Amino acid sequence: MENFDKNMIVATELGKEDILFYSVKEAPFKLYGLFDKEPGKRMSRMDIPTAKKVSDGVAWGAYATAGAKVRFKTDSDYIAVSLKLDGELGDWPQMSGVAAYGCDLYEICNGEYIFKSSFIPPLHKFGTYEQIIELKNEEKLLREYVINLPIYGQVDEMYIGINKDALLKEGEDFFNTVPVYFYGSSITQGGCMSRPGMCYVNILSRKYNMNIHNLGFAGNAKGETEMAKYISGLKMSMFVYDYDYNSPSPDHLLKTHRPMFKIIREKNPCLPIIIMSGVSGGDYKERIVRRDIIKKTYDNAVADGDNNVYFIDGSEIFKKYGFSWNEPTVEGCHPTDLGFALMAAAVSEVIDENNLLNQIKG
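All residue numbers for the sequence shown refer to my numbering, where the first residue is 926 and numbers rise by one.
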């Protein structure tokens, strides 16, 4: 393809002699969405000893950097990244390499997030890669940027490169100091959008300038008691969970969904909680059975006097916009960028209609 379309070429060299690299784990960078982000430590989204108690799959997935982002300001006319990842950058049949192992860059201008481009990883390269995005900044204006980290890539180290003479300063904070936590499956994690910024969790982060923390675990969100206890002890401004897909059966979902809610609610009596049923995947009749089990968690909470819990019928999200229940997906299960945008719109509707931003801000 590269022989016929130069826009498909992925550069493997930066071509800059005036570049300086800085670790994102050091000031003035601000890292969000991670549990471990200290120098010398491998990045992770949750406490690893606890993750190992939950399951081997969660322990492995905890090192993926889904939802993590770095925020900073610079007047450089280019931004480069150098990532050291664990393992080979392999092929993903259902999802782009950019989503799995790449990053994308946004400029924040007067509160608006403007997509600039993606840092595209070369496939079949082991461990480390470098990529660069050229920026037009002849005026040398100080601009703020956010970089979304890989959804599935497990990042050991990350460095940002800018012109050696450029200014580098810390970025602004998100509007909420205490993060909004999301728990769920590969869909929550971001499979299978085109690039990290298109996960519905990251879309919501941009819309509200919101500090988020993604606890999506591909194939391994099963509502375990150990996971529920861990989440219940986190400092959260809101909790959103679409736990459904990875439950091996409706019976398992019935035995775990409400208990998970009760464990979290017991320790967080005033926390806004959004419960969402699955949007797609599997047999439609079973999808509705699962939906009803999940809604029962909500109904019981309301009957018990809970006035800060909210329910989203995932099976209706795509149909609301004129699509069949699983059309905006890659293979009948994992959403496309469109599917994720519609999921974000559904969550956004609940946030706006119930003035939840006032609670999130604290």
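We put the CB at the ideal spot given by N, CA and C, even for glycine.
Being a predicted model, the structure only gives us computed values, none of them experimental.
For residue j and residue i, the rounded distance between their alpha carbons
{"i": "Ile-1058", "j": "Ser-1043", "result": "8 Å"}
{"i": "Lys-1009", "j": "Gly-1027", "result": "12 Å"}
{"i": "Asn-1139", "j": "Phe-960", "result": "11 Å"}
{"i": "Gly-1067", "j": "Asn-1283", "result": "Sequence check: residue 1067 is Leu here, not Gly. So the two alpha carbons sit approximately 31 Å from each other."}
{"i": "Ala-976", "j": "Val-1006", "result": "29 Å"}
{"i": "Gly-1036", "j": "Gln-1056", "result": "27 Å"}
{"i": "Tyr-1070", "j": "Lys-1154", "result": "35 Å"}
{"i": "Gly-958", "j": "Ser-1130", "result": "11 Å"}
{"i": "Val-1023", "j": "Ala-1266", "result": "18 Å"}
{"i": "Met-1268", "j": "Glu-1274", "result": "10 Å"}
{"i": "Leu-1159", "j": "Arg-967", "result": "20 Å"}
{"i": "Asp-1217", "j": "Pro-974", "result": "34 Å"}
{"i": "Ala-984", "j": "Asp-972", "result": "9 Å"}
{"i": "Leu-939", "j": "Glu-1256", "result": "36 Å"}
{"i": "Tyr-1108", "j": "Pro-1047", "result": "30 Å"}
{"i": "Glu-1082", "j": "Ser-948", "result": "8 Å"}
{"i": "Ile-1156", "j": "Pro-1253", "result": "30 Å"}
{"i": "Asn-1134", "j": "Phe-1100", "result": "6 Å"}
{"i": "Pro-964", "j": "Tyr-1223", "result": "42 Å"}
Enclosing alpha helix (DSSP H) for residue i [first to last residue]
{"i": "Arg-967", "result": "Note, Arg-967: premise wrong, no alpha helix (DSSP H); not H, not E."}
{"i": "Thr-999", "result": "Not the alpha helix (DSSP H): Thr-999 falls in the beta strand (DSSP E), residues 994 to 999."}
{"i": "Asn-1062", "result": "First-last for Asn-1062: undefined, no H or E at that position."}
{"i": "Tyr-1155", "result": "1150 to 1157"}
{"i": "Asp-1176", "result": "1175 to 1192"}
{"i": "Glu-1211", "result": "1209 to 1228"}
{"i": "Phe-1107", "result": "No alpha helix (DSSP H) contains Phe-1107, which is instead part of the beta strand (DSSP E) from 1105 to 1109."}
{"i": "Glu-1127", "result": "Residue 1127 is actually Asn in this sequence, not Glu. Residues 1125 to 1133."}
First and last residue of the uninterrupted beta strand (DSSP E) at residue i
{"i": "Asp-1029", "result": "1028 to 1034"}
{"i": "Ser-948", "result": "944 to 948"}
{"i": "Lys-1009", "result": "1003 to 1013"}
{"i": "Thr-975", "result": "Looking at the DSSP string, Thr-975 is not in any beta strand (DSSP E); the run it does join, the alpha helix (DSSP H), is 973 to 979."}
{"i": "Leu-1313", "result": "Nothing can be reported for residue 1313, as the shown portion of the chain is limited to 926 through 1287."}
{"i": "Glu-1095", "result": "1093 to 1095"}
{"i": "Asn-1139", "result": "1137 to 1141"}
{"i": "Ile-1200", "result": "1198 to 1201"}
{"i": "Met-1083", "result": "1080 to 1088"}
{"i": "Val-1071", "result": "1068 to 1073"}
Spatially closest choice to residue i from the options, by CA coordinates
{"i": "Gly-1141", "options": "Ser-969, Asn-1035, Leu-1048, Lys-1286", "result": "Ser-969"}
{"i": "Gly-1115", "options": "Ala-989, Ser-980, Gly-940", "result": "Ala-989"}
{"i": "Leu-1092", "options": "Asp-972, Glu-942, Tyr-1003, Arg-967", "result": "Tyr-1003"}
{"i": "Ala-1146", "options": "Leu-1074, Gly-1206, Asn-1171", "result": "Asn-1171"}
{"i": "Glu-942", "options": "Asn-1088, Glu-963, Met-971, Ala-991", "result": "Asn-1088"}
{"i": "Ile-1137", "options": "Ile-1112, Tyr-1106, Val-1165", "result": "Tyr-1106"}
{"i": "Tyr-1209", "options": "Ser-1240, Asp-1231, Lys-1180", "result": "Ser-1240"}
{"i": "Ser-1021", "options": "Thr-1102, Asn-1232, His-1259, Ile-1199", "result": "His-1259"}
{"i": "Asp-1016", "options": "Gly-982, Tyr-1077, Pro-1104", "result": "Tyr-1077"}
{"i": "Ile-1072", "options": "Ile-1200, Cys-1117, Gly-992", "result": "Gly-992"}
{"i": "Asp-1169", "options": "Thr-1053, Asp-1238, Asp-1229", "result": "Asp-1238"}
{"i": "Lys-998", "options": "Tyr-1054, Glu-1032, Lys-978", "result": "Glu-1032"}
{"i": "Asp-1229", "options": "Glu-1097, Lys-1187, Lys-1132, Tyr-1084", "result": "Lys-1187"}
{"i": "Ser-1111", "options": "Lys-1245, Ala-987, Lys-962", "result": "Ala-987"}
{"i": "Cys-1124", "options": "Ser-980, Phe-1243, Leu-1263, Ile-1285", "result": "Leu-1263"}
Classification of residue i by the beta-carbon crowding that lies within 10 angstroms, buried from 16 upward
{"i": "Val-1227", "result": "exposed"}
{"i": "Lys-994", "result": "buried"}
{"i": "Pro-1197", "result": "buried"}
{"i": "Ile-1219", "result": "buried"}
{"i": "His-1049", "result": "exposed"}
{"i": "Thr-1150", "result": "exposed"}
{"i": "Thr-1181", "result": "buried"}
{"i": "Asn-928", "result": "Note that Asn-928 scores a pLDDT of 49, beneath 50, so its modelled location is shaky and nothing firm can be said."}
{"i": "Lys-1192", "result": "exposed"}
{"i": "Asp-1167", "result": "buried"}
{"i": "Met-933", "result": "Any reading at Met-933 is ruled out, since the residue's pLDDT is 45, under 50, leaving its predicted position unreliable."}
{"i": "Asp-930", "result": "Caution applies to Asp-930, whose pLDDT of 49 falls short of 50 and renders its modelled position unreliable; the value that the coordinates give is listed next. Flag for Asp-930 reads exposed."}
{"i": "Ala-1271", "result": "buried"}
{"i": "Cys-1195", "result": "exposed"}
{"i": "Asp-1029", "result": "buried"}
{"i": "Asp-1277", "result": "exposed"}
Where residue i falls: helix, strand or coil (DSSP)
{"i": "Val-1037", "result": "Looking at the sequence shown, residue 1037 is not Val but Glu. In this structure, Glu-1037 counts as strand in the three-state DSSP scheme."}
{"i": "Phe-1100", "result": "coil"}
{"i": "Glu-1274", "result": "helix"}
{"i": "Thr-1254", "result": "strand"}
{"i": "Met-1163", "result": "strand"}
{"i": "Pro-1260", "result": "strand"}
{"i": "Phe-1236", "result": "strand"}
{"i": "Leu-939", "result": "coil"}
{"i": "Asn-1279", "result": "coil"}
{"i": "Ala-989", "result": "strand"}
{"i": "Phe-1243", "result": "helix"}
{"i": "Phe-1248", "result": "coil"}
The ligand GDP heavy atom lying under 7 Å from the CB of residue i
{"i": "Met-1201", "result": "With respect to the ligand GDP, the structure offers nothing, as it holds no ligand at all."}
Short CB-CB distance (under 8 Å) between residue i and chain B
{"i": "Glu-1064", "result": "Given the protein chain composition of this structure (a single chain), no chain B is represented."}
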